[in-house]
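Engineer: Each residue of the sequence shown is one higher than the one before, starting from 1 at the first, in the working numbering. For every residue, glycine included, the Cβ atom is placed at its ideal position computed from N, Cα and C. Take this structure, written in structure tokens, and hold onto it; I'll ask about it next.
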Amino acid sequence: GEAEMEGVEALAVAFSATGSEDFSRGGAVMVWLFGREALGRAGFVVVSRSAAKVVSSVSELPRSGTLGILEKEQGSRFEGCEASRIDVASAVGIALAVNDEAAMEKIVKAASIASKVLKSGALKTVEDALDEGKSVSHDEIAKQAEGLLENPGRLKLKVSGTCESCFYPIVQSGGAYDVKPSAQTDARKLRDDVIVVSLGSRFDCFCASLARTFCVDPTPHVQGLYERALSARKAALKAMTPGTPLREVYAAAKAELDELGKNVGFGLGSNYREASLVLNAKNERTLERHMVFYLSIAAVVPNEAAKGLKGTVNQLERVAVNLGDTVVVDADDGARPLTKMTLEWADVSYYINDDEDEDEKAEEEEEE
């Protein structure tokens, strides 16, 4: 980060009147400086070593020296600027990823909201549908969860601040799985097989995200996949210590679950996804204390049916697992999860057809 800023005399960031910089480095800078994305008018903020100055037009920007800008995100908005410019996007993103106490309080609150909405909102709807045989779509579950993220007071959470959903909640079942953060929720009906739910909360401009996998009448293959994902999560958390290269976190998880995708998460905070802090096999950047990440242990694999077992899991061509948590790097023995929701197999597995089999046996015995 420091090398990228060498020779830069000031940072210049463009902003709009409405705060359309949400989930961008520009928006993150505005939150860092002013606690919000919008100032009620458009313009530029110029940050030097000693002060921050707001100006209205490019003509008011410094005419000499070197300005650091967010080139890919905002470069076109600096046309006409006479000063030389250099891209400092990565350096800014990394600097903002180290959270102060005030930022951490907001991230912890966002994590608490996400946990409560998934546990008492989305999961309760799923369990009611399974228990009562109700027909409910993925989209209906997602829409309900989004409403709770925007108004967590409905779950008796005391919140004093602005609450939003980071993204439209993702609900999947029935074999059509996509465990990428960009996945979309469809209108298909919830199936009683492998159910994946992912959602994100934003509290006062700071984000947290959470994902869980629930298994109905699981086969040994599905249980094995889940248990390997738990091992990968444990290994990744243990590897997330200050000074460790990000690639080593990925390597630790990959050693336990080879089917993992190209990364196991990314840095987050006021910017939902910090592109410079992706947990992949090549990232040489190192972890710093008070950095926050979304750790996502996720994979989609071919299914292996089991003979003699009922349930729709056996009918799936592919199955998935997604265990995602917001975690903070704050100790030498590993990262600490901020999202709180059980991962134990006994708490995420449901056996429906076993109960039906027992009822059938009981009826047969009564007839005899």
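Can you give the beta carbon distance from Phe23 to Val126, rounded, assuming they're within the 8 Å contact cut?
Structural biologist: With 8 Å as the limit, Phe23 and Val126 do not qualify as a contact, their Cβ atoms being about 28 Å apart.
Engineer: Here's a check: name, in chain order, each residue in its chain whose Cβ is nearer than 7 Å to the Cβ of Thr18, leaving out the five neighbours to either side.
Structural biologist: Ala38
Engineer: Helix, strand or coil: which one does DSSP assign to Glu368?
Structural biologist: Unreliable positioning characterises Glu368 in this predicted model, as indicated by a pLDDT of 45, which lies under 50. The coordinate reading is nonetheless provided below. It is coil, neither helix nor strand.
Engineer: Apart from the five residues on each side of it in sequence, which residues of its chain come closer than 6 Å, Cβ to Cβ, to Ile141?
Structural biologist: Ala122, Thr125, Val171
Engineer: Helix, strand or coil: how does DSSP classify Lys189 here?
Structural biologist: strand
Engineer: Are the CB atoms of Val321 and Ala335 nearer to each other than 8 Å?
Structural biologist: no
Engineer: For Pro218 and Asp193, what's the separation of their Cα atoms in angstroms?
Structural biologist: Going from the Cα of Pro218 to the Cα of Asp193 covers about 7 Å.
Engineer: With a threshold of 7 Å on Cβ separation, who are the neighbours of Val108 within its own chain once the five nearest residues in sequence on each side are excluded?
Structural biologist: Leu338
Engineer: Please say whether Ala211 and Ser198 have beta carbons closer to each other than 8 Å?
Structural biologist: yes
Engineer: Would the segment 163-180 count as touching the segment 80-89 if we require 3 or more Cβ pairs under 8 Å?
Structural biologist: no
Engineer: Which word fits Asn151, buried or exposed, when buried means at least 16 other C-beta atoms lie within 10 angstroms of its C-beta?
Structural biologist: exposed
Engineer: I need the straight-line Cα distance from Lys234 to Ser48, nearest angstrom please.
Structural biologist: 42 Å
Engineer: Could you have a look at Ile94 and say whether DSSP puts it in helix, strand or coil?
Structural biologist: helix
Engineer: Is DSSP giving Asn353 helix, strand or coil here?
Structural biologist: helix
Engineer: Going by other Cβ atoms of all chains shown within 10 Å of its Cβ, with 16 needed for buried, is Ile113 buried or exposed?
Structural biologist: With 16 or more other Cβ atoms within 10 Å, it is buried.
Engineer: For the beta strand (DSSP E) holding Glu71, just list the boundary residues, first then last.
Structural biologist: First-last for Glu71: 71-74, but that is the alpha helix (DSSP H), not the beta strand (DSSP E).
Engineer: Just to confirm my understanding: we take Trp32, look at its own chain, exclude 5 residues before and 5 after, and list those with CB closer than 8 Å. What are they?
Structural biologist: Leu96, Ser270
Engineer: Report the rounded CA-to-CA distance for Ile94 versus Arg202, giving the unit in angstroms.
Structural biologist: C-alpha separation (whole angstroms): 20 Å.
Engineer: Considering only C-alpha positions, which residue in the set Met291, Gly75, Ala187, Ala12 is nearest to Leu246?
Structural biologist: Met291
Engineer: With a 10 Å radius around its C-beta and 16 neighbouring C-beta atoms as the bar for buried, classify Asp355 as buried or exposed.
Structural biologist: Model confidence at Asp355 stands at a pLDDT of 49, short of 50, so the residue's coordinates are unreliable and nothing is read from them.
Engineer: Does the segment 277-297 come close enough to the segment 314-333 that 3 or more CB-CB pairs lie under 8 Å?
Structural biologist: yes
Engineer: Should Gln315 be labelled buried (16 or more other beta-carbon atoms within 10 Å of its own) or exposed?
Structural biologist: Exposed, by the Cβ-count rule.
Engineer: Where does Thr241 land, buried or exposed, given buried means 16+ other C-beta within 10 angstroms?
Structural biologist: buried
Engineer: Could you tell me which residues DSSP pairs with Cys207 in its beta bridges?
Structural biologist: As DSSP reads the structure, Cys207 sits in a beta bridge with Arg202.
Engineer: Return helix, strand or coil for Ala52, following the three-state DSSP convention.
Structural biologist: strand
Engineer: To the nearest angstrom, how far is it from the Cα of Arg77 to the Cα of Ser135?
Structural biologist: 50 Å
Engineer: Enumerate, from N- to C-terminal direction, the unbroken alpha helix (DSSP H) stretches of 4 or more residues contained entirely within the segment 10-41.
Structural biologist: 25-34
Engineer: Tell me, please, which residues DSSP counts as bridged to Pro337.
Structural biologist: Val327
Engineer: Could you tell me whether any non-hydrogen atom of the ligand ADP is closer than 7 Å to the CB of Gly265?
Structural biologist: With respect to the ligand ADP, the structure shown offers nothing to examine, as it has no ligands at all.
Engineer: Please report the residue range of the beta strand (DSSP E) in which Glu274 lies.
Structural biologist: 274-280
Engineer: If you reduce the DSSP assignment to three classes, tell me which class Asn377 lands in.
Structural biologist: No statement about residue 377 is possible, as the shown extent of the chain runs from 1 to 368 and does not include it.
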